[in-house]
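Taken in order, the sequence shown gives residues 1 to 457; the numbers are from UniProt numbering. Reading through the structure tokens given below for one structure.
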Amino acid sequence: MAMLGQRRQQRSATRKRLESPGAKRDDEGSVVIERLAHDGRGVAHDREGKILFIEQALPGEEIEVAIHTQHGRYDEGHVRRVLKASDERVTPGCAHFGRCGGCDLQHQATDGQRRHKQQVLREHLARHDIALPEPLTLAGQAWGYRRRARLGVRVGSDDRIHMGYRVRGQDRLFNIEQCPILDPRLEALIEPLRALIETLEVPRRLGHIELVAGDDHVMITLRQLRRVPGDLARWQAFARTHEILLSVLCGEGDTPVLERLDDYPDTWPHYRAQPGNEVLNIHVRSGDFLQANAEVNHQLVAQVLAWAEVSEAMPVVDLFAGVGNFSLTLAAAGARVIAYEGRESMVQRLRDNAEAAGVSDHVEARRADLASAPAGLEDAALVVLDPPRAGAQGICQSLAVKGPSRVLYVSCEPATLARDVHLLISGGYRLVRAAVADMFPQTAHLESLVLLERQPT
1 MAMLGQRRQQ RSATRKRLES PGAKRDDEGS VVIERLAHDG RGVAHDREGK ILFIEQALPG
61 EEIEVAIHTQ HGRYDEGHVR RVLKASDERV TPGCAHFGRC GGCDLQHQAT DGQRRHKQQV
121 LREHLARHDI ALPEPLTLAG QAWGYRRRAR LGVRVGSDDR IHMGYRVRGQ DRLFNIEQCP
181 ILDPRLEALI EPLRALIETL EVPRRLGHIE LVAGDDHVMI TLRQLRRVPG DLARWQAFAR
241 THEILLSVLC GEGDTPVLER LDDYPDTWPH YRAQPGNEVL NIHVRSGDFL QANAEVNHQL
301 VAQVLAWAEV SEAMPVVDLF AGVGNFSLTL AAAGARVIAY EGRESMVQRL RDNAEAAGVS
361 DHVEARRADL ASAPAGLEDA ALVVLDPPRA GAQGICQSLA VKGPSRVLYV SCEPATLARD
421 VHLLISGGYR LVRAAVADMF PQTAHLESLV LLERQPT
């Protein structure tokens with residue numbers, strides 16, 4: 001999954017940025033917003049017919065627009081003044097909205113955000129001539145939901161500490177004082193963290209801070225280029241004061257060393273895959289993948305289980321299995337799961353989680369390079385896959401040729417999902433069910449779940 005403030009790709013190098021964010025182009029005026037682009041910006045046309053992408057604008061609104069970046073085929077702008085507001089327009093819930101790159105849609109009512117996300121999935125599928133079945137909506141609280149985040153840390157030329165997410169559309173950090181989409185336990189740490197960083201001997205050696213809120217413990221992981229013993233002692237005192245778990249990843253390159261700095265080296269955060277199930281506790285360590293929204297993840301896991309229709313000893317393959325988010329629940333329902341994951345550390349965590357949950361006899365965890373399909377997928381009754389944003393093109397090409405009767409695909413990127421579903425349909429599957437999961441309220445991101453069934457030949 002993408003981290004906060006890192007969603008939008010860099011714009012073309014041919015763009016022309018006007019003198020300041022408030023600079024006006026000579027031919028600016030009022031426009032009517034026609035629709036939302038997939039990234040949540042309003043789409044309109046100027047008097048000459050040129051496409052405009054306008055931040056914080058909603059369909060049907062008449063606005064006065066200010067253009068801040070010009071391109072050959074389109075321009076980018078922001079709302080100078082709303083002349084006629086949409087019924088969906090609301091007051092943003094964060095003082096940083098519009099400058100911080102963490103959120104896109106705080107100006108839109110939550111129901112409108114969810115309708116937009118359904119439309120985004122529908123349009124991506126339509127590009128491949130695929131009709132979207134009427135989707136379920138999986139949703140939870142619109143605020144205070146995010147249980148993991150990465151805060152960048154930079155020291156300015158004036159020695160001022162900057163901690164937060166990227167400024168919208170830029171590489172520099174926006175210095176946050178609040179973040180109401182965070183789990184309240186994490187948001188409460190923002191100011192204490194900043195105060196601590198200001199006391200460090202060498203704050204420039206601190207790259208970023210990862211925060212995770214489990215059902216039981218909060219953990220922070222520091223990313224440092226080199227050890228600074230005096231600073232590490234300050235962090236240890238901070239962890240004791242705030243009763244949190246503390247790790248540090250130290251070193252340059254791709255193989256930093258992980259070290260625990262708190263008083264509980266054998267304790268890691270965990271979450272329950274199913275509410276009320278005291279056995280299916282899934283432990284995560286620093287760097288492990290964790291769905292950001294606990295409430296929506298519960299619904300996602302429940303929907304996978306419902307559509308899987310597990311029978312006793314049913315053979316299931318779980319691809320991109322992580323630490324067991326779906327595997328353990330399917331195994332607890334009676335399935336015999338072969339779970340594939342690309343990272344050896346997470347494979348071991350999955351085994352440990354299966355052992356602790358008492359389902360190790362129903363789960364076999366294997367490491368595999370998932371750029372292509374592992375052997376034997378055709379022997380399963382069901383394949384579940386939850387790939388990263390790049391999707392699973394190679395795997396779906398193999399499934400299309402020789403795959404099981406059913407495929408459950410969980411996606412965090414609708415464009416690659418649509419591509420992969422097209423491959424499966426070309427190989428004889430049909431799309432029968434869909435759900436849109438609002439995993440990231442206040443942002444344009446969406447998760448989706450689709451069920452495909454192989455048509456009889």
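Backbone N, C-alpha and C define an ideal beta-carbon position, used for all residues, glycine too. Note that the structure is predicted; figures quoted are calculated from it, not measured.
Considering residue i, what are the terminal residues of the alpha helix (DSSP H) in which it resides?
i: M439; result: Where M439 is concerned, there is no enclosing alpha helix (DSSP H), given that its DSSP letter is neither H nor E.
i: Q303; result: 294-308
i: A357; result: 344-357
i: R194; result: 190-197
Rounding to the nearest angstrom, what Cα-Cα distance links residue i and residue j in this structure?
i: Q106; j: R148; result: 19 Å
i: P59; j: T329; result: 41 Å
i: H270; j: H362; result: 21 Å
i: H116; j: L36; result: 8 Å
i: A392; j: L449; result: 14 Å
i: E48; j: H124; result: 28 Å
i: G77; j: V337; result: 50 Å
i: L136; j: V436; result: 6 Å
i: H68; j: Q108; result: 22 Å
i: I395; j: R160; result: 48 Å
i: R172; j: R166; result: 6 Å
i: E453; j: G376; result: 18 Å
i: V317; j: V407; result: 10 Å
i: E134; j: G72; result: 38 Å
i: T443; j: T457; result: 42 Å
i: D183; j: E378; result: 41 Å
i: E187; j: S405; result: 45 Å
i: D438; j: E34; result: 23 Å
i: I51; j: V32; result: 12 Å
i: C94; j: P192; result: 19 Å
i: R25; j: A213; result: Bear in mind that the predicted position of R25 carries a pLDDT of just 45, short of 50, making it too unreliable to give a figure here.
i: L451; j: V410; result: 9 Å
Can you check whether the C-beta of residue i is within less than 8 Å of a C-beta belonging to chain B?
i: V359; result: Among the chains of the structure shown, chain B does not appear; only one protein chain is present.
So the candidates are the options; which of them puts its Cα closest to the Cα of residue i?
i: K402; options: S426, H208, V279; result: S426
i: H128; options: P441, E453, L423; result: L423
i: L280; options: A332, L319, H96; result: A332
i: N325; options: V304, R343, G72; result: V304
i: A418; options: A126, K84, R80; result: A126
i: G287; options: P275, H71, W268, E295; result: W268
i: M163; options: V202, I209, L249; result: I209
i: R343; options: A335, A371, A357, L399; result: A371
i: L261; options: Q274, S345, Q236; result: Q236
i: D266; options: L246, A139, C250, R272; result: L246
Would you identify the three-state DSSP class for residue i, choosing helix, strand or coil?
i: F320; result: coil
i: A313; result: coil
i: C250; result: strand
i: C94; result: coil
i: K402; result: coil
i: Q455; result: coil
i: T110; result: helix
i: T241; result: helix
i: R81; result: strand
i: R419; result: helix
i: R70; result: Strictly speaking, residue 70 in this sequence is Gln, with Arg absent from that position. Note: Q70 maps to strand in three-state DSSP.
i: S30; result: strand
i: S286; result: coil
i: Q291; result: coil
i: C103; result: coil
i: R168; result: coil
Sorry if obvious, but does the Cβ on residue i come closer than 7 Å to a heavy atom of the ligand FMN?
i: Q141; result: Questions concerning the ligand FMN fall outside what the structure shown contains, since it holds no ligand whatsoever.
How far does the beta strand (DSSP E) with residue i in it extend, from its first residue to its last?
i: N325; result: Per DSSP, N325 belongs to no beta strand (DSSP E) and is neither H nor E.
i: F53; result: 51-55
Cβ atoms of residue j and residue i: under 8 Å apart, would you say?
i: I220; j: L211; result: yes
i: S86; j: E64; result: no
i: P414; j: Q113; result: no
i: N297; j: R146; result: no
i: C100; j: I176; result: yes
i: L446; j: L121; result: yes
i: V153; j: G207; result: yes
i: Q274; j: V301; result: yes
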